[in-house]
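>
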Amino acid sequence: MKYVIGLIMISSSMNSQIIFDFTKNTDIQYWRIVDDIVMGGRSSSTFTLNKEGFGVFEGNVSLENNGGFSSVRYRFEKIEVREYTMIRIRLKGDGKKYQFRIKPNTNDYYSYIAYFKTSGEWQEIDISLDSFYPSFRGRRLDLPNFSSIHIEEIAFLIGNKRAEKFKILLDKIELK
């Protein structure tokens, strides 16, 4: 019986692919902040690695000058996703609502987005790939939900139509 359980555990661990795993030695130089200042807003954020090895996305969303969002994105070589059905994110949030965004091509003008709410505790957020819908500048597009065979960009965005401070700790992002 132990042998069978071991096989099941090995099989399930092979059905995942790490997109990004934060550790004390992680290189985060390719994560980029994109705040509303690109459109004249006044929001500001940072992305750092803390001493425990977690990615820390934090800042202040401002509504001044038609602002209202902060984001951080990560571009990478294409990852094939056809064998997976969801993205799992291990994180600790601040009780606020965020967007997780994916792009099959970094040159696309729009992203596929899904909302999630944080609890203030460590949690695993599972988002079905086919639940991501296309959006551009806060508007849902009249296109099908995500159905691509690959992705090459992920992002976190906060934009809850209110001025607020935020902080989210990131541990791991993977395909399941």
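So the sequence shown is numbered by my numbering: it starts at 446 and just counts up by one. Glycine is no exception: its CB is placed at the ideal position from the N, C-alpha and C atoms.
Examine the Cβ distances between the stretch 510-517 and the stretch 463-482 and report whether three or more of them are shorter than 8 Å.
Contact between the stretch 510-517 and the stretch 463-482 is present, because at least three Cβ pairs lie under 8 Å.
> Should the stretch 560-567 be called in touch with the stretch 533-541, which here means at least 3 C-beta pairs below 8 Å?
Yes: at least three Cβ pairs fall under 8 Å.
> Do you know offhand how far Phe-545's Cα is from Gly-485's?
Spanning the two alpha carbons is a distance of roughly 23 Å.
> Note down, in chain order, each residue of its chain lying with its Cβ closer than 7 Å to the Cβ of Asp-466, except the 5 sequence neighbours on either side.
Cβ within range, chain order: Lys-617.
> So which of Arg-607, Lys-610, Ile-463 has the shortest CA-CA distance to Ile-534?
Here the closest residue by C-alpha is Ile-463.
> Leu-615 and Gly-498 - do their beta-carbons sit closer together than 8 Å?
Contact flag unset, no.
> Per DSSP, what kind of secondary structure is Asp-539 in: helix, strand or coil?
It is coil, neither helix nor strand.
> Please go through the same chain and pick out, in chain order, the residues whose beta-carbon is closer than 6 Å to the beta-carbon of Glu-569, but skip the five residues on each side of it.
Only Arg-533, Arg-535 meet the Cβ criterion.
> Alpha carbon to alpha carbon, what distance is there between Glu-503 and Ile-613?
Going by the C-alpha atoms only, they are around 6 Å apart.
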